[in-house]
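Working notes, beginning with the structure itself.
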Amino acid sequence: MLSFLFAIQAIDKNPNILFNVTLGYNIYDNYFTPQMTSEGLLDLLSEGEANVPNYSCGRQRNTVAVLEAFGIDISIQISTMLGTYKIPQISHGFDSQVMSDENPFFYPMLPAEGAHYQGMVMLVLHFRWTLVGLLAPDTENGQQFMRTMTSQLVRNGICPVLSQTFSPVSREAKIEWHLFLSWRKINVFIFGADLSSFSFHSFLRTAEFYNNSINGVYLDENGKLVADLDIGNTVVFPNYSATTVTLGRLERVGSLDFKFMMNQNAIAKMEMLNKPQPPSRCVESCPPGYMKVAQEGKPICCYNCRPCAEGTISTMEDADKCTKCPEDQHPNTYRVHCIPKIKNYLSYKENLGIILTSIALPSCNINIPPPDKKHDPSTIDQEKPEHRNSKLAL
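Residues in the sequence shown are numbered from 964 upward in steps of one, following the working numbering.
The structure is reproduced here in C-alpha cells:
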C-alpha cells in the first residue's frame, strides 16, 4: 500500500509524466467478504450521495482504473460490475484464463498461476524432501493450489501427507496441530499464497520489457506476462534481525520449460550461519544394491529396503527394482554392478579332480587273455581281434 501511495505522489510531482493531470485515489477495505466488496464498488460507481449507480448528482468522479489484490472469486465479482462500465481492472494477482477471456479490461500484474509450481517441485527434489505439508487459504486460488500441487508432487514421488486450508479473513490461521503431530518427520511446508510483484499491463506487446524494481518480469513473444523467479531463504537471528540469501533462480526457457539453478556457495553460507537445510523424509534412502519395498498402509515415500536377489543388481539410490545380470556375468559382492564370470577347468592335480578320478577307477574295463592260452603274439590277434584297440574308460 505504501509503495502505491508513494508512486502516486511521485507521478503528481513530476510534470513530465502527466502534464496538467493530477491523480487521486480512494481506498476501500472489503475484509475479504463479497458483501463489503459490493458496497465498495457501489460507492465507487455512484456519483451522488447515495450509492446509486448511473445517477449523476453532486460530486463528480472520473475513475480511471481499479486496483485490487484478491483471490479469483473476489476478482470475478469485481469484474462483473466493472465490465459494464469498461473500467480497467488491474489485479495484483496471478493471470487467470477465465478472467482474461470474459473481461477484456482485466489486466493481471503477475504471470499465469502455476508457473512457480514447477519451481517449487524442483526445489523440493533438489533437497531430497519427500515428505511435505500443504497450507493454503480457503479460497478459489487456494483450492486450485491444493489440486495442482498435490498432482505435481505425487507425480514426482513426493508425498503431501498433510493438507489444510484456513480462512483468509481471520488474522490467525487455525492449524489442526494434532494432524501435524502425527507426522513429526515433516519439516517442510509449502504455503500457497499470492506473490507480491509489479509489472506492466498487457497492451505492451513488443519485445522484452523489464521492470526497474524487479528484474526478470517481462512479456514474452505473445505479449503474455512471464517472470523469472528467485529462490530466497530468510534467516531470523536471536536479536530479531533478518537477512535473506538468494539460493537459486528459476529462469524461463521457451514457452513451457524452466531452467532450475542453485547457488551452492549460498547454501554453504547458510550452513556457516548454523542454518542447515532440514531433512524432511519418512525413511532414509535405500543405497545401491537394494530396492524399495512399500510398507502396507503407508504413503509411497515410506518404504523398506530389501537387498537385491541373487543374480540381480541396482546401481542407484531408491531403486524401484533390481536388474538381472547378463548370462556371462554375475553381481559383485555388494550387488551394485555386474562382473564377467571366470571359467574354471578341471585338473587332476586339484582335490576335486583326484576325488572324481578315484570314483571312476573301479568302473574301468580291463581285458586280459586267459592264463591257459599260449601267449603267442601271432595268435592273439587271431583269437581276440576285438581286443586290439581296448581302451581305459574313465
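Ideal Cβ placement from N, Cα and C applies to all residues, glycine included.
Neighbourhood of residue i by C-beta distance below 7 Å, restricted to the same chain and skipping five residues each side
i     : result
H1089 : M1225
I971  : L986, Y988
E1234 : none
P1201 : none
V1246 : C1265, Y1266
Expected contact under 8 Å - CB spacing of residue i and residue j to nearest Å
i     : j     : result
F1223 : M1085 : 4 Å
E1031 : S1054 : 6 Å
V935  : V984  : What the structure shows of the chain is the stretch from 964 to 1357, and residue 935 is not part of that stretch, so it cannot be assessed.
I1037 : V1095 : No, I1037 and V1095 are not in contact; Cβ-Cβ is about 28 Å, not under 8 Å.
Q1052 : P997  : In fact, because the Cβ distance is near 16 Å, the residues do not count as touching under 8 Å.
C1122 : P978  : The pair is not a contact, with the Cβ atoms about 59 Å apart (cut-off 8 Å).
Chain-order list of residues whose beta-carbon lies under 8 Å from that of residue i (same chain, five-residue window excluded)
i     : result
V1299 : P1251, G1252, I1276, S1277, T1278
C1288 : G1274, T1275, I1276, P1294, C1301
L1142 : L1125, Q1127
K1284 : M1254, S1277
K976  : none
T1113 : L1097, P1123, S1126
R1244 : R1091, W1092, T1093, L1094, K1148, C1264
Whole-angstrom distance between residue j and residue i, CA atom to CA atom
i     : j     : result
S1042 : G1003 : 13 Å
T1026 : V1015 : 16 Å
G1195 : A1231 : 14 Å
F1108 : G1155 : 6 Å
D1281 : W1092 : 13 Å
M1083 : F1069 : 27 Å
S966  : A973  : 10 Å
C1249 : E1290 : 26 Å
P1241 : M999  : 43 Å
P1303 : R1269 : 24 Å
R1110 : L1098 : 12 Å
H1079 : Q1115 : 12 Å
L1005 : L1213 : 42 Å
G1260 : N1228 : 41 Å
S1001 : E1065 : 19 Å
W1146 : Q1081 : 25 Å
S1321 : N1314 : 11 Å
G1120 : P1071 : 33 Å
Y1445 : E1012 : It is not possible to answer for residue 1445, since the shown part of the chain is limited to 964 through 1357.
K1306 : L1192 : 59 Å
Q1292 : L1144 : 49 Å
F1129 : Q1023 : 41 Å
A1272 : D1220 : 40 Å
S1204 : C1020 : 54 Å
P1100 : L1045 : 26 Å
I980  : L968  : 16 Å
Y991  : I1050 : 17 Å
F1033 : M964  : 14 Å
P1067 : L1007 : 20 Å
Q1258 : Y1297 : 24 Å
T1209 : V1199 : 15 Å
I1318 : V1256 : 46 Å
A1028 : Y1048 : 11 Å
Nonlocal neighbours in the same chain, by C-beta distance under 6 Å from residue i, ignoring five residues either side
i     : result
G1211 : I1194, M1224, M1225, N1226
T1207 : G1195, T1197
V1117 : none
Exercise for the section: Any chance you could list the alpha helix (DSSP H) runs of at least 4 consecutive residues sitting entirely within the region 1102–1133, in chain order? Expected result: 1103–1118
Problem - alpha helix (DSSP H) runs wholly inside the region 1192–1252, at least 4 long, in chain order - result: 1227–1235
Handout entry: Contiguous beta strand (DSSP E) assignments of at least 3 residues, all confined to the region 1247–1301
Key = 1253–1257, 1266–1270, 1292–1294
Problem - 4 or more residues per run - each alpha helix (DSSP H) lying fully within the region 968–1026 - result: 997–1008
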